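Numbering (my numbering), first residue to last: 12 to 394.
Cβ coordinates follow ideal geometry from the N, Cα and C atoms, glycine included.
Bear in mind that the values here come from a model prediction, so they are computed numbers and not experimental data.
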Ligand code: SF4
């Protein structure tokens, strides 16, 4: 691997891997029922960060713009978790008045004390894993909150003063659950939060769900139901005043996720914690996935990145197309060549995209085909 230019990052992702229980469908790098606590987590992050600073490929900006603490369940680490993290990163780096500091939480772990302590440390945005309001569905998923859990958590968060709040919902569940998607969408509107993210259920092979599909005890959703649910959500959330600003993301004006937008813009970022990825324009690397292995490396040499890759021109171009097409800003027509523009004309005919103000952006129908359309555009014959 050749020498890398130092890149200064102002977006940081931190992974908190702990969960009380693994959800039925979950393929994230999580550690269930770990005896490790906040001090083990911050000690490991501190070891990693020291090594990152010594290496000099990624340098943290003196004024971080976005900090996202995801998981796992960061809220399992308790009220002092963000204070511990701020000490690792350095309070002075977290003083920019524009800083967006997001922390994820699961409803059953949200308490007034936790939110108040996080807020006082600087957290100004929270993301809640709600997924559904249906008792049977939540039980099937292995979630630990009930149908009222999201309401109680949202109230606690708003009471403390954090109004920049996002909730996640999952669609595309197996039909035998008889989940009423519209009911869940109306419930999420009742929460009155400024940001909603929707994820289609993905069946990963190494999960209990993946194994159940293999042995025939569960059946994946068909494409028609997936499509209908996505389009229903788009229609309903738009009618309720949300802007559909990215394939999975809806927000009230001014509440788009700035951290995610940095990913989609191609800005460099640093990831800390097991399985976290770091990225600069021409290079990407990722930490070892397993928490135990990560902790041993982080508190030893500090070198926790397992693998990395240089991004050649072809893969950078593909990534630029995919990231651009997934947002409502789309791609600039002047950055595309004639064969690619010819493809766009056919997309417009199909209702998959619109061309306006010198840009192409996908419609909701087009976003259902995002991966396919990106490959089509990338594979356009060279003009
Ligand atoms: S709470 Fe989230 S991260 Fe934890 S197991 Fe469930 S889906 Fe995975």
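| Query | Result |
| --- | --- |
| Where residue 36 falls, given that 16 or more other Cβ within 10 Å makes a residue buried | buried |
| Residue 89 and residue 125 closer than 8 Å at C-beta | yes |
| Simplified DSSP assignment, three categories, for residue 182 | strand |
| Outcome for residue 156 when other beta-carbon atoms lying within 10 angstroms are tallied against a minimum of 16 | buried |
| Residues near ligand 1, criterion Cβ-heavy atom distance below 6 Å | 30, 33, 34, 37, 39, 41, 82, 83, 84, 117 and 140 |
| DSSP-derived helix/strand/coil call for residue 120 | helix |
| Close Cβ partners of residue 394 (< 6 Å) along its chain, the five nearest in sequence each way excluded | For residue 394, the pLDDT reaches just 48, beneath the cut-off of 50, and the residue's location in the model is therefore unreliable, leaving the point undetermined. |
| DSSP-derived helix/strand/coil call for residue 157 | coil |
| Nonlocal neighbours in the same chain, by C-beta distance under 6 Å from residue 284, ignoring five residues either side | 25 and 26 |
| Residue 29 - partner residues in DSSP beta bridges | 42 |
| Cβ shell of residue 392 (< 6 Å), same chain only, five flanking positions each side left out | 350 |
| Contact check, residue 332 vs residue 388, beta carbons under 8 Å | yes |
| Helix, strand or coil at residue 69 [DSSP, three-state] | strand |
| Whole runs of the alpha helix (DSSP H) within the stretch 209-283, excluding any shorter than 4 residues | 219-225, 234-250 and 269-276 |
| Beta-bridge pairing of residue 166 - partner residues as DSSP gives them | Residue 166 is not bridged to any residue. |
| Close Cβ partners of residue 281 (< 6 Å) along its chain, the five nearest in sequence each way excluded | 20, 23, 69 and 289 |
| Nearest-angstrom Cα separation, counted from residue 81 out to residue 31 | 15 Å |
| Buried versus exposed call for residue 386 [16 or more other C-beta atoms within 10 Å across all chains shown] | exposed |
| Three-state class that DSSP yields for residue 77 in the structure shown | strand |
| Nearest candidate by alpha-carbon position, reference residue 243, set 264, 192 and 160 | 192 |
| Residue 305, enclosing alpha helix (DSSP H) - first and last residue | 302-309 |
| At least three beta-carbon pairs within less than 8 Å, the stretch 267-275 to the stretch 37-51 | no |
| Which residues DSSP lists as bridging residue 142, in chain order | 180 |
| CA nearest to the CA of residue 298, picked from 238, 316 and 128 | 316 |
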